[in-house]
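**Q** Taking numbering that gives the first Met the number 0, I'd label the letters of the sequence shown as residues 0 to 426. Handing you this structure, nothing more for now.
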Amino acid sequence: MGKARVGKSVYARCKRYEDGRYGAAVMGVWGWGGSSHYRTERLTYEIESDYCESLAVRQSQDNGASFSEFETFSQTNPKQGGFEREDLWFAVCHDPLRDHDVRFDFQRLFRGTGPEALAAHFQGKEALFDHGLYCISRDRGRTFSAPRLLKFEEGDDFDESDWGRTGYLTKNQMYGGYTAIVTRAGKLVYPFCVEEKVKTGTGEQTTCAVRCMIGTWDEPAADYRWEISSAVAVPLEWSGRGLMEPTIAELTDGRLAMGLRGSTAMWKAYDPEGRITVTEPGRHWLAVSEDGGYRWGPVRDWRYADGEQFYSPSTFSRLLRHSNGTLYWIGNICPEPPEGNMPRHPLVIAEVDERGPGLVKESVTVIDTKGEDEQVEKRFQLSNFSILENTETGAIELYLTRYGESPEHWLKANAYKYEIEVSKRRS
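The following block contains the structure:
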């Protein structure tokens, strides 16, 4: 089954530290100018769940045929006033009307150390403070404007000398998405997650909702003017962690489609007394907008184009418009109902029938999965990845860390490059 062909190779190896710990190699790849010719790679090492240290960066100006030497930017996260700070690139979008690139950054402030704050967070305590920023490059990713805070409410801007200032820390908190698009109307649309109170059939609930920042270019100001969309949310009975990690694409008829992560596991802070039960099996969710992302229709589960349902664990997915005109969905589909995040394999790619939209079942191709005799750690996963289209060959390049590939330790994990060959013409 499936129409794509997949090649796989080790791209960056994990690290073993002197104290015996492992660091999983994590590779992020970004193309500039709407092309893969100019690209940036960022290599980090994950030493605990959702926590990395060290950052090295290199550049290519010949489609990855050669690279500059890796430049090390940091070995540890910076600290100030009782906070630790993490800065990550989350999304890059080429604006063809202005011929510049917009980079969306994720900034996380940990109260105390990163590991301490993450442990408290997973117990439902307020220990992480997330914000989104954006900046612009006019030289194909070599330099950027000063990052600006994405604001949807009143609040202070980020102050490098006072990270935890009251008017900033708890205002405009968001967890940004990994994709942004410029629509045919010239709007820059960036989806993000935000905690909100929503009304449901059983009363008001606090959950994770999704909204979009919609940017209109202001030529005199040389900047975007931002508006905010309506909220996209579901009851906790559908997804115990709300809707997360949105991915967005413009369909051929002008509608916008947004893929959304859900979960069968309940987030403790949303239901501290344990009164709510998630009744929906593991799904990926879908919302559609007919007005450029300002308002969104009802949320429904992603399905195959013929209406057949499929199961999916709590993982992010990506929508990618290829130069051949086809829209692709990349994510995890599992044969049985998942439990929370697991199992996070196999990883597949499928064409999207944009009339629904829905996935074309006959096109589903396995990118990678657990080998029949492969011995892995229980947290084996094929989920978080970085992608771009090689605009010279047409192949989709996907970079993924195979967490848990060694039974010795789940962080003894290399980063792999997958080259996915698809049709050069729309199917």
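For glycine and all other residues, C-beta sits at the position ideal for the given N, C-alpha and C. Bear in mind that the values here come from a model prediction, so they are computed numbers and not experimental data.
(1) Take the Cβ of Pro-312 as the centre, count every other Cβ of all protein chains shown within 10 Å, and call the residue buried at 16 or more, exposed below.
(2) Please report the residue range of the beta strand (DSSP E) in which Tyr-133 lies.
(3) How far does the beta strand (DSSP E) with Pro-245 in it extend, from its first residue to its last?
(4) Assess contact between the region 289-309 and the region 268-278, defined as three or more Cβ pairs (one per stretch) separated by less than 8 angstroms. Is contact present?
(5) Looking only at its chain, what residues have a beta carbon closer than 6 angstroms to the beta carbon of Asn-62, apart from the 5 residues adjacent to it on each side?
(6) Under a three-way DSSP split, which group does Glu-52 fall into?
(7) Here's a check: name, in chain order, each residue in its chain whose Cβ is nearer than 7 angstroms to the Cβ of Met-341, leaving out the five neighbours to either side.
(8) How would you call Gln-308, buried or exposed, if buried means at least 16 neighbouring beta carbons within 10 angstroms?
(9) Under a Cβ-count criterion, where at least 16 other Cβ atoms within 10 Å of its own Cβ denotes burial, should Arg-424 be classed as buried or exposed?
(10) Please identify the residue among Lys-377, Thr-368, Asp-222, Thr-182 whose C-alpha is closest to the C-alpha of Tyr-293.
(11) Return the chain-ordered list of same chain residues with a C-beta closer than 7 angstroms to the C-beta of Phe-82, the five sequence neighbours on each side being excluded.
(12) Quick check on DSSP: helix, strand or coil for Glu-17?
(13) Report, in whole angstroms, the separation of the C-beta atoms of Glu-396 and Leu-387, which I expect to be a contact under 8 angstroms.
(14) Quick check: what's the CA-CA separation for Glu-17 versus Val-363?
(15) Taking only the alpha-carbon atoms, compute the straight-line gap between Gly-32 and Leu-96 and give it to the nearest angstrom.
(16) Apply the 10 Å Cβ neighbour rule to Thr-178 and answer buried if 16 or more other Cβ atoms are within range, or exposed otherwise.
(17) Between which residues of its own chain and Thr-112 is the CB-CB distance below 7 angstroms, once the five residues before and five after are set aside?
(18) Consult DSSP for His-120 and reduce its assignment to one of helix, strand or coil.
(19) Buried or exposed: Gly-431, going by 16 or more other Cβ atoms within 10 Å of its Cβ?
(20) Measure the alpha-carbon distance for Ala-414 versus Phe-128 and round it to whole angstroms.
(21) Figure out for me which residue from Asn-323, Glu-371, Val-188 has the closest Cα to the Cα of Leu-345.
(22) Within this structure, are the beta carbons of Phe-89 and Phe-105 separated by less than 8 angstroms?
(23) Taking Cys-192 and Tyr-167 to be in contact with their CB atoms under 8 angstroms, please state how far apart those CB atoms are, rounded to whole angstroms.
(24) By alpha-carbon positions, which one of Val-277, Ile-46, Gly-330, Ser-322 ends up nearest to Trp-301?
(25) Any chance you could list the beta strand (DSSP E) runs of at least 3 consecutive residues sitting entirely within the region 164-211, in chain order?
(26) Is Pro-234 near Pro-280, with beta carbons less than 8 angstroms apart?
(27) Against chain D, with Cβ distances strictly below 8 angstroms, would Arg-139 count as a contact?
(28) Return helix, strand or coil for Lys-471, following the three-state DSSP convention.
(29) Considering Asp-222, what are the terminal residues of the beta strand (DSSP E) in which it resides?
(30) Taking the beta strand (DSSP E) that Glu-106 falls in, what are its first and last residues?
(31) Contact between the region 218-232 and the region 189-209 is defined here as three or more beta-carbon pairs at a separation below 8 angstroms; is this criterion met?
(32) Among Ala-304, Arg-260, Asp-305, Tyr-269, which one has its Cα closest to the Cα of Leu-285?
(33) What number of angstroms, rounded off, separates the C-alpha of Glu-289 from the C-alpha of Trp-328?
(34) Check whether the Cβ atoms of Phe-151 and Ile-227 lie closer than 8 angstroms to each other.
**A** This is what the structure holds:
(1) As a position in the sequence shown, residue 312 is number 313, starting the count at 1. By the neighbour-count rule (16 or more Cβ atoms within 10 Å), Pro-312 is buried.
(2) Numbered from 1 along the sequence shown, position 134 holds the residue referred to as residue 133. Run containing Tyr-133: 127-136, per the beta strand (DSSP E) assignment.
(3) Mapped onto the sequence shown, residue 245 falls at position 246. It spans 243-249 - the beta strand (DSSP E) in which Pro-245 sits, taken as one unbroken run.
(4) no
(5) Against the sequence shown, residue 62 aligns to sequence position 63. Ser-35, His-36, Glu-391.
(6) Taking the sequence shown and counting its residues from 1, the one referred to as residue 52 is at position 53. Of the three classes helix, strand and coil, the one that applies to Glu-52 here is strand, per DSSP.
(7) On the sequence shown, position 342 is the one that residue 341 refers to. Cβ neighbours of Met-341 beyond the five flanking positions: Pro-312.
(8) Taking the sequence shown and counting its residues from 1, the one referred to as residue 308 is at position 309. Exposed, because fewer than 16 other Cβ atoms sit within 10 Å of the Cβ of Gln-308.
(9) Along the sequence shown, one-based indexing puts residue 424 at 425. Exposed, since its Cβ has fewer than 16 Cβ neighbours within 10 Å.
(10) Numbered from 1 along the sequence shown, position 294 holds the residue referred to as residue 293. It is Thr-182 whose Cα lies nearest to the Cα of Tyr-293.
(11) Residue 82 sits at position 83 when you count from the first residue of the sequence shown. Excluding positions up to five away in sequence, the list reads Leu-108, Phe-109, Arg-110, Trp-162, Gly-163.
(12) On the sequence shown, position 18 is the one that residue 17 refers to. Note: Glu-17 maps to coil in three-state DSSP.
(13) As a first step, residue 396 must be located in the sequence shown, where it is residue number 397. As a first step, residue 387 must be located in the sequence shown, where it is residue number 388. Contact holds; Cβ gap of about 6 angstroms.
(14) Translated into the one-based positions of the sequence shown, residue 17 becomes position 18. Translated into the one-based positions of the sequence shown, residue 363 becomes position 364. Rounded to the nearest angstrom, the two C-alpha atoms are 43 angstroms apart.
(15) For the purposes of this step, residue 32 is taken as the residue at position 33 of the sequence shown. For the purposes of this step, residue 96 is taken as the residue at position 97 of the sequence shown. Answer to the nearest angstrom: the Cα atoms are 11 angstroms apart.
(16) Taking the sequence shown and counting its residues from 1, one reaches residue 178 at position 179. Flag for Thr-178 reads buried.
(17) In the sequence shown, residue 112 corresponds to position 113, counting from 1. Here the set comprises Glu-83.
(18) The residue given as residue 120 occupies position 121 in the sequence shown. His-120: helix per DSSP, three-state reduction.
(19) Nothing about residue 431 can be read from this structure; the chain reaches only from 0 to 426.
(20) As a working note, residue 414 is residue 415 in the sequence shown. As a working note, residue 128 is residue 129 in the sequence shown. Cα-Cα distance, rounded: 28 angstroms.
(21) Here residue 345 corresponds to residue number 346 of the sequence shown, with the count starting at 1. This sequence places Pro at residue 345; Leu is not what is there. Out of Asn-323, Glu-371, Val-188, Glu-371 has the C-alpha closest to the C-alpha of Pro-345.
(22) As a first step, residue 89 is located in the sequence shown; it is residue number 90 there, counting from the start. As a first step, residue 105 is located in the sequence shown; it is residue number 106 there, counting from the start. Yes, Cβ-Cβ distance for Phe-89 and Phe-105 is below 8 angstroms.
(23) For the purposes of this step, residue 192 is taken as the residue at position 193 of the sequence shown. For the purposes of this step, residue 167 is taken as the residue at position 168 of the sequence shown. With 8 angstroms as the limit, Cys-192 and Tyr-167 do not qualify as a contact, their Cβ atoms being about 19 angstroms apart.
(24) Taking the first residue of the sequence shown as position 1, residue 301 is located at position 302. Check the Cα spacing between Trp-301 and each of Val-277, Ile-46, Gly-330, Ser-322: the tightest is with Gly-330.
(25) 187-199
(26) If you number the sequence shown from 1, residue 234 lands on position 235. If you number the sequence shown from 1, residue 280 lands on position 281. No, the pair does not count as a contact, with Cβ atoms beyond the cut-off.
(27) You won't find chain D in this structure, because it holds only one protein chain.
(28) No information on residue 471 is available, as it lies outside the stretch 0 to 426 that the chain covers here.
(29) The count along the sequence shown starts at 1 and reaches residue 222 at position 223. Residues 222-227.
(30) Position 107 of the sequence shown, counting from 1, holds the residue named residue 106. Per the sequence shown, residue 106 should be read as Gln rather than Glu. Start and end: 99-110.
(31) When Cβ pairs closer than 8 angstroms are counted between the two stretches, the region 218-232 is seen to touch the region 189-209, the count reaching three or more.
(32) Within the sequence shown, the letter at position 286 stands for residue 285. Checking every option, the nearest Cα to that of Leu-285 belongs to Arg-260.
(33) To locate residue 289, count along the sequence shown from 1; it is residue 290. To locate residue 328, count along the sequence shown from 1; it is residue 329. Cα-Cα distance, rounded: 20 angstroms.
(34) Translated into positions along the sequence shown, residue 151 becomes position 152. Translated into positions along the sequence shown, residue 227 becomes position 228. Here Phe-151 is near Ile-227, since their CB atoms are less than 8 angstroms apart.
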